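This report concerns only the one structure given below.
Number of protein chains: 4
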Amino acid sequence: MLSNERLIRVQWGDCDPAGIVFYPRYFEWVDASTILLFEKATGLTKIKMLERYGGAGLALLEARAAFKVASQYGDDIKIETRVTEFRRTVFLVQHRVTRADGTLALEAFETRLWTTRDSTTGRIRAGDMPAEIVAAFQAPGSDPANGMRPASA
Amino acid sequence: MLSNERLIRVQWGDCDPAGIVFYPRYFEWVDASTILLFEKATGLTKIKMLERYGGAGLALLEARAAFKVASQYGDDIKIETRVTEFRRTVFLVQHRVTRADGTLALEAFETRLWTTRDSTTGRIRAGDMPAEIVAAFQAPGSDPANGMRPASA
Amino acid sequence: MLSNERLIRVQWGDCDPAGIVFYPRYFEWVDASTILLFEKATGLTKIKMLERYGGAGLALLEARAAFKVASQYGDDIKIETRVTEFRRTVFLVQHRVTRADGTLALEAFETRLWTTRDSTTGRIRAGDMPAEIVAAFQAPGSDPANGMRPASA
Amino acid sequence: MLSNERLIRVQWGDCDPAGIVFYPRYFEWVDASTILLFEKATGLTKIKMLERYGGAGLALLEARAAFKVASQYGDDIKIETRVTEFRRTVFLVQHRVTRADGTLALEAFETRLWTTRDSTTGRIRAGDMPAEIVAAFQAPGSDPANGMRPASA
């Protein structure tokens, strides 16, 4: 299964008066990491991907993070992002954030919904994940054991 | 049990290109809401409360949000915050974010740890929640059925 | 001339490791304050105002702030916002940010351009400020001496 | 004179409902760029540099930006940062933000003050820029014509 790695240098302004990363920043980075993973899979920006596949967005249903070790200004952290499961309309994203010495700083999880716009009413509603996108996450050399599970939403 | 209500007008810059609140903003508001609840309970700012009770911080162990309805620029939302459980060193915070019409926009949950600084090593470690702070959340007129449970961390 | 006042409680997460407001936050507040002033003048949200008057945006040409006294977590600050000059297509906004004791924390200034969308090419370009909007800033009881100057852009 | 270049990919969450970068973000990037430039010059993080040289901070006196072309999600921008002048206690920083095609997106300018802590009163006050730091900006091969001017604050 395709994954995306991204290095971030923690800046002064990312940190709070305790000198550690203000935690909403992690969700900013994690949100961007999910988009970057889809860009990597499809070769398209989020906007172009939605246009091409008739999507209206990657609606967030749930976000969660479990914090292990705080990060500070000057730290280099790595965010490793992968989709752990594609269901019919929903997909699960996992982000592992590690420090330069390899220790886990935090893990974050997103549950997202592929949405489309109803051509009659114009309303946003759940849509089936385009098979072409799901297939694009099956990168060459990926371990089938870690691959997509044909689950229902 | 004491709760805190806070109204927020969603601003243009809180929103993303889809025109809805960029979700890390909710965690910014939620983090501040937890602090404001402790200020309300103790009558002290976070900094003064930590000084008074020998605390080093309200370390975040886990944050989670379940999103129901998106909010947009110009919306007025209400954040209602309460501690749902005090354990020995850990406490659970719940935030209900509702729209002007009363519908639930999202719920967020934080698991936090009362930390102290070891006087010998200077290291941060879990500490027992000061009884005086826990008592301060027992606001007059609070429903005992919703009160604190004597749970272990 | 119409002005808008807005109180902001500085939150923990607004501050950096030095314990003072991370300065980009001031620009976030100032940007919102300009929009709120236009809402107050027109009775419309920014989106509806642009629709009504054929605008494409309030493009920022220049932003500047002069910092006097730092603000910290727990401080209550007031942002007082006014348009100091309407030119043909450009207007100047001034923001005075004061502390609870009335001392000046900072002043910020924005130079903004009323833009419209060319109906033929679809491109964004400078447009004349709608007279109705300019007139709306002439609040009852405003001092003519502080009023609009008929300047050219 | 030493300069620092930094590439930034504009993320979805950096942008507002108009689809362009929410301008306070530029100041976040610019603030970090100034710190990174000092790190490059001194080989120290901001915190260690302040410790080593008895500094209390790089207090911001003024920040200004002139915007030319908006940036959008997916754009790659380059921030080129240099100190244009060292005075006795004050220094001026210039940031040129360019797009991938080399066009100027914006220019930002900061006026900053080297501060120290009075050993008697503990108060923050202006301090002379350490000569060693100023010298560190004279990178090998720098053009003397663009070098430091011995100006008074």
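As given, the protein sequences belong to chains A, G, V and H, one line each in that order.
Here the working numbering is used: the first sequence runs in plain steps of one and ends on residue 153.
Here the working numbering is used: the second sequence runs in plain steps of one and ends on residue 1153.
Here the working numbering is used: the third sequence runs in plain steps of one and ends on residue 2153.
Here the working numbering is used: the fourth sequence runs in plain steps of one and ends on residue 3153.
All C-beta atoms, glycine included, are put in the ideal place defined by N, C-alpha and C.
None of these values were measured; they are calculated from a predicted model.
{"Item": "Under 9 Å (Cβ pairs) to chain H, residues found in the region 38-67 of chain A", "Value": "E39, T45, K46, I47 and K48"}
{"Item": "Proximity of R3099 of chain H and A3105 of chain H at Cβ, strictly below 7 Å", "Value": "yes"}
{"Item": "K68 of chain A in three-state terms, based on DSSP", "Value": "coil"}
{"Item": "Span separating the alpha-carbon of W1012 of chain G from that of A3135 of chain H", "Value": "44 Å"}
{"Item": "Assigned secondary structure, I3133 of chain H (DSSP; H/G/I helix, E/B strand, else coil)", "Value": "helix"}
{"Item": "Spatially closest choice to P3130 of chain H from H:R3123, H:E3110 and H:G3057, by CA coordinates", "Value": "H:G3057"}
{"Item": "Residues bridged to D76 of chain A [DSSP beta-bridge criterion]", "Value": "A:R9"}
{"Item": "Three-state secondary structure assigned by DSSP to T3089 of chain H", "Value": "coil"}
{"Item": "C-beta neighbour in chain H for Q94 of chain A, strict 7 Å", "Value": "no"}
{"Item": "Backbone secondary structure at T2034 of chain V - three-state DSSP", "Value": "helix"}
{"Item": "CB contact flag (V90 of chain A, L113 of chain A, <7 Å)", "Value": "yes"}
{"Item": "Sub-7 Å separation of L2037 of chain V and T2081 of chain V beta-carbons", "Value": "yes"}
{"Item": "Proximity test, Cβ basis, 7 Å: D3031 of chain H and chain A", "Value": "yes"}
{"Item": "Short CB-CB distance (under 7 Å) between A18 of chain A and chain G", "Value": "yes"}
{"Item": "C-beta atoms of I2008 of chain V and Q2072 of chain V nearer than 7 Å", "Value": "no"}
{"Item": "Cut-off 8 Å between Cβ atoms - residues of its own chain near E3039 of chain H, not counting five sequence neighbours on either side", "Value": "T3045, K3046 and M3049"}
{"Item": "Positions along the region 3072-3093 of chain H whose CB lies within less than 8 Å of some CB in chain V", "Value": "none"}
{"Item": "Exposure label - D1014 of chain G; buried when at least 16 CB within 10 Å", "Value": "buried"}
{"Item": "DSSP-derived helix/strand/coil call for L50 of chain A", "Value": "helix"}
{"Item": "P2024 of chain V vs P3017 of chain H beta-carbon contact at 7 Å", "Value": "no"}
{"Item": "Helix, strand or coil at A3041 of chain H [DSSP, three-state]", "Value": "helix"}
{"Item": "Test: P3130 of chain H CB closer than 7 Å to a CB of chain V", "Value": "no"}
{"Item": "Alpha-carbon spacing of R6 of chain A relative to A32 of chain A, whole angstroms", "Value": "10 Å"}
{"Item": "Proximity winner among G:I1077, G:M1001 and G:G1055, relative to G1122 of chain G (alpha-carbon distances)", "Value": "G:G1055"}
{"Item": "Sequence-distant residues of the same chain with beta carbon closer than 6 Å to R1125 of chain G, five excluded per side", "Value": "D1118"}
{"Item": "is_contact[E3110 of chain H, chain V] using C-beta, thresh 7 Å", "Value": "no"}
{"Item": "Minimum Cβ-Cβ distance from F3027 of chain H to chain G less than 7 Å", "Value": "no"}
{"Item": "Backbone secondary structure at F1109 of chain G - three-state DSSP", "Value": "strand"}
{"Item": "Helix, strand or coil at A1153 of chain G [DSSP, three-state]", "Value": "Note that A1153 of chain G scores 31 on pLDDT, short of 50, meaning its location in the model is unreliable; the coordinates nonetheless yield the value given after this. Looking at A1153 of chain G - three-state DSSP - the assignment turns out to be coil, as it is neither helix nor strand."}
{"Item": "Min CB distance G2102 of chain V to chain G below 7 Å", "Value": "no"}
{"Item": "Chain V within 7 Å of F22 of chain A, Cβ atoms only", "Value": "yes"}
{"Item": "Within-7 Å CB hit, I2008 of chain V to chain G", "Value": "no"}
{"Item": "Minimum Cβ-Cβ distance from G13 of chain A to chain V less than 7 Å", "Value": "yes"}
{"Item": "Through-space distance from I3035 of chain H to R96 of chain A, alpha-carbon basis", "Value": "27 Å"}
{"Item": "Per-residue burial, E1132 of chain G [other beta carbons within 10 Å of its own, 16 or more giving buried]", "Value": "exposed"}
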